[in-house]
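Engineer:
Chains as they are written, first to last, in the numbering used here: chain A, 1 to 114; chain B, 1001 to 1114.
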């Protein structure tokens, strides 16, 4: 079956540091890949997505590239801010007769200190 | 404003009682989903519905039930058969039937069994 493996947290960085959160996946076909962010006590918000190999998703300074050869979708940001503190989830969806089901990683908690 | 609403935000239940969590969306989405989130874990799919009057079990449907009588609404009932119901419950919706479809999440309901 499908699975997503994320970098273990928690991750603590200083403001303006470079961020990488690793994500690798296992899928039988050609999934779409997502990064979601969850702020304390809230639901998930879509951060970025990529639907085919070599696509780069980007939003709010975050980027991730769909690498089919390494089955990876690592999240990066060049300079983090305190407001980026949240839990980040990598996820994949694979269409099954038109049904899109998301498979999530366990999440990585990120804390940015001033 | 279009979006997904879940109510209540916090819910307390005595053991042995059924409880229903509300999820409403005004995005005109066909597909709706219920997930459960436990500390340190990713989200797990409980039930999903691609169209009104139709729904399918997800990965952890035991002890839960749903209905989809209206396009906008997808209530989840946590029954007394659910052995460990204390968790954060998230509802999501998407346009449906499309590869790479994005799911949009509500703010969640935190259920505590006393």
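Every residue, glycine too, gets a C-beta built ideally from N, C-alpha and C.
With DSSP as the reference, identify every bridge partner of residue 101 of chain A, one or two as the case may be.
Structural biologist: Answer is A/94, bridged to residue 101 of chain A.
Engineer: Which of the three DSSP states, helix, strand or coil, is assigned to residue 1066 of chain B?
Structural biologist: Strand.
Engineer: Of all Cβ atoms in chain A, is any one closer than 8 Å to the Cβ of residue 1021 of chain B?
Structural biologist: no
Engineer: CB-CB under 8 Å to residue 1048 of chain B, same chain, minus the five flanking residues each way: which ones, in chain order?
Structural biologist: The residues are 1031, 1032, 1033, 1034, 1055, 1056, 1058.
Engineer: Hey, quick one: how far does the beta strand (DSSP E) through residue 64 of chain A stretch, first residue to last?
Structural biologist: 62-65
Engineer: What are the start and end residues of the beta strand (DSSP E) that includes residue 1056 of chain B?
Structural biologist: Looking at the DSSP string, the run of the beta strand (DSSP E) that includes residue 1056 of chain B is 1054-1057.
Engineer: Taking only three categories from DSSP, how would you classify residue 11 of chain A?
Structural biologist: strand
Engineer: Is any beta-carbon of chain B found at less than 8 Å from that of residue 101 of chain A?
Structural biologist: yes
Engineer: Could you tell me which residues DSSP puts in a beta bridge with residue 57 of chain A?
Structural biologist: A/64
Engineer: In the structure shown, what three-state DSSP assignment does residue 82 of chain A receive?
Structural biologist: helix
Engineer: Taking 8 Å as the threshold (beta carbon to beta carbon), is residue 1086 of chain B in contact with chain A?
Structural biologist: no
Engineer: Applying the 10 Å Cβ sphere with the 16-neighbour rule, what's the burial state of residue 37 of chain A?
Structural biologist: buried
Engineer: Measure the beta-carbon distance from residue 25 of chain A to residue 11 of chain A and round it to whole angstroms, keeping in mind my assumption that it falls under 8 Å.
Structural biologist: About 20 Å separates the two Cβ atoms, so there is no contact after all.
Engineer: Distance, Cα to Cα, residue 1073 of chain B vs residue 1110 of chain B?
Structural biologist: 19 Å
Engineer: Should residue 1105 of chain B and residue 43 of chain A be called a contact, given that it needs their Cβ atoms to be closer than 8 Å?
Structural biologist: yes
Engineer: Taking 8 Å as the CB-CB limit, is residue 65 of chain A close to chain B?
Structural biologist: no
Engineer: Does residue 1105 of chain B come within less than 8 Å of chain A when only Cβ atoms are used?
Structural biologist: yes
Engineer: Would you decide whether residue 41 of chain A is buried or exposed? Buried here means 16 or more other CB atoms lie within 10 Å of its CB.
Structural biologist: exposed
Engineer: Kindly say whether residue 93 of chain A, judged by its beta-carbon, lies nearer than 8 Å to any beta-carbon of chain B.
Structural biologist: Among the CB atoms of chain B, one or more fall inside 8 Å of the CB of residue 93 of chain A.
Engineer: Please name the residue in A/106, A/92, A/47, A/13 whose C-alpha comes closest to that of residue 1 of chain A.
Structural biologist: A/92
Engineer: Just the C-alpha distance for residue 108 of chain A and residue 1041 of chain B, rounded to the nearest angstrom, thanks.
Structural biologist: One C-alpha to the other measures close to 10 Å.
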